[in-house]
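The structure under discussion appears below in the form of structure tokens.
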Amino acid sequence: MSVLTDERGDGSDRLERACGTVEHDKRYRTSILTESDDGTVTIAASAYPSYPVRCVPIDVPGMACVLDGYVYDRSEAELQDFLDRLGRSIRERGDAEGPPPAWAPSRLAGIDGEFVAVFLDERSNATTVITDALGRLPIYIGTHEEGVCLSRELRVAADAGTPDRAYDRLAIAQRLCFGYPLGTRTALENVRKPRPAAWIAFRPAGEVTADQYHTIDLGSSAHAGRSRQRNARELARLFEEACRSRARAGERPVLSLSGGLDSPNLSAQVAAWTVSL
Numbered sequence: 239m240s241v242l243t244d245e246r247g248d249g250s251d252r253l254e255r256a257c258g259t260v261e262h263d264k265r266y267r268t269s270i271l272t273e274s275d276d277g278t279v280t281i282a283a284s285a286y287p288s289y290p291v292r293c294v295p296i297d298v299p300g301m302a303c304v305l306d307g308y309v310y311d312r313s314e315a316e317l318q319d320f321l322d323r324l325g326r327s328i329r330e331r332g333d334a335e336g337p338p339p340a341w342a343p344s345r346l347a348g349i350d351g352e353f354v355a356v357f358l359d360e361r362s363n364a365t366t367v368i369t370d371a372l373g374r375l376p377i378y379i380g381t382h383e384e385g386v387c388l389s390r391e392l393r394v395a396a397d398a399g400t401p402d403r404a405y406d407r408l409a410i411a412q413r414l415c416f417g418y419p420l421g422t423r424t425a426l427e428n429v430r431k432p433r434p435a436a437w438i439a440f441r442p443a444g445e446v447t448a449d450q451y452h453t454i455d456l457g458s459s460a461h462a463g464r465s466r467q468r469n470a471r472e473l474a475r476l477f478e479e480a481c482r483s484r485a486r487a488g489e490r491p492v493l494s495l496s497g498g499l500d501s502p503n504l505s506a507q508v509a510a511w512t513v514s515l
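This is the structure:
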């Protein structure tokens, strides 16, 4: 899924061409999911037929919502209600600029999902992009002379604007040293990778803010008063719940045996249910 803002209102064809470069095999198709009336904001996707990206009709007049990925701990009705309330709250903020609202951590941080949600307010063309708290689906923001492109694919974020590329020498050095660039850097000077729990607001004129609505406190000891046995039981319950929700989502589940500790734990849990893999 990709979002392109272009103050000239002619970015639709450019985004389609960029998305076409990531049609990885013959199953992939590029389509325009929605766009603003004046053409300054376009949302498109290049995906295979069963990939979970869709427009969700929400009960907010003049606002479009696109969901990329899965929300595991909500039924379809609960997800619809959640997106309705989220859309209304974004509308009440006005132009969607500024830091994440105070209510964002309590509403968003606890959601079990792998998603990128885009809200396009067609009255003002303000666009808000929200990711899950762990940022499981990577996104990239490319800044160009013509506007801004946010995409799940780095190549689309880079190719949707001016073709001239400047390389980030420090990011390349970090990749050679550590195996990946640090922070929000990528190998390209004009493309950045937002942090997890992203709250991104941008307008066609090019103003972009990328903030976090939540950070994980690894030093927290909220349950230190419990016994180790109780904490272990709770961890096992949460693990089983997460496995079940993922096995139910999408098509037939696939288990990848990496050789580490995660895949044996997952296979043991799934084997207990006799789920077909």
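Residue numbers for the sequence shown follow the numbering used here, beginning at 239 and rising by one. Note that CB positions come from ideal geometry on N, CA and C, so glycine has one too.
From the DSSP output, in three-state form, read off residue i for me.
{"i": "Ser459", "result": "coil"}
{"i": "Ala347", "result": "coil"}
Measure from the alpha carbon of residue i to the alpha carbon of each residue in the options, then state which is nearest.
{"i": "Thr280", "options": "Glu245, Tyr308 and Ile296", "result": "Glu245"}
{"i": "Thr453", "options": "Ala462, Arg466 and Ala435", "result": "Ala435"}
{"i": "Ile349", "options": "Phe320, Ser288 and Thr365", "result": "Phe320"}
{"i": "Asp449", "options": "Pro295, Lys431, Leu388 and Pro338", "result": "Pro338"}
{"i": "Leu372", "options": "Ser505, Asp455 and Arg331", "result": "Asp455"}
{"i": "Arg345", "options": "Arg331, Thr447 and Asp370", "result": "Asp370"}
{"i": "Leu408", "options": "Ser465, Trp437, Thr422 and Asp276", "result": "Thr422"}
{"i": "Arg361", "options": "Tyr418, Ser269 and Asp275", "result": "Asp275"}
{"i": "Ala487", "options": "Ser269, Gly258, Ser250 and Ser288", "result": "Ser288"}
What are the boundary residues of the alpha helix (DSSP H) that includes residue i?
{"i": "Arg484", "result": "Arg466 to Arg486"}
{"i": "Ser327", "result": "Glu314 to Glu330"}
{"i": "Trp511", "result": "Asp500 to Trp511"}
Return the first residue and the last residue of the beta strand (DSSP E) that residue i is part of.
{"i": "Ala409", "result": "No beta strand (DSSP E) contains Ala409, which is instead part of the alpha helix (DSSP H) from Arg407 to Phe416."}
{"i": "Asp306", "result": "Met301 to Val309"}
{"i": "Arg561", "result": "The chain is shown from 239 up to 515; residue 561 falls before or after that span and cannot be answered."}
{"i": "Leu388", "result": "Gly385 to Ser389"}
{"i": "Arg351", "result": "Looking at the sequence shown, residue 351 is not Arg but Gly. Start and end: Gly351 to Asp359."}
{"i": "Ala364", "result": "Ala364 to Thr369"}
{"i": "Leu242", "result": "Ser240 to Asp244"}
Drop a sphere of 10 angstroms on the beta-carbon of residue i, count the other beta-carbons inside from all chains shown, and report buried for 16 or more, exposed for fewer.
{"i": "Cys415", "result": "exposed"}
{"i": "Asp397", "result": "buried"}
{"i": "Glu273", "result": "buried"}
{"i": "Val298", "result": "buried"}
Using C-beta distances below 6 Å, list every residue in its chain close to residue i, excluding the 5 sequence neighbours before and after it, in chain order.
{"i": "Val304", "result": "Leu271, Ile281, Cys293 and Val356"}
{"i": "Ser501", "result": "Leu495"}
{"i": "Val446", "result": "Val386 and Phe440"}
Can you list, in chain order, the residues of its chain whose CB lies under 7 Å from that of residue i, leaving out five sequence neighbours each side?
{"i": "Gln309", "result": "According to the sequence provided, residue 309 is Val. The question's Gln does not apply to it. So the list reads Leu317, Ile349, Gly351 and Phe353, once near-sequence residues are dropped."}
{"i": "Ala480", "result": "Asp350"}
{"i": "Leu392", "result": "Tyr378, Thr424 and Val429"}
Considering only residues of the same chain and omitting the five flanking positions on each side of residue i, which have a CB-CB separation below 8 Å?
{"i": "Gln507", "result": "Phe477, Glu478 and Cys481"}
{"i": "Thr365", "result": "Val241, Thr243, Val279, Ala334, Val356, Phe357, Leu358, Asp359, Ala439, Phe440 and Arg441"}
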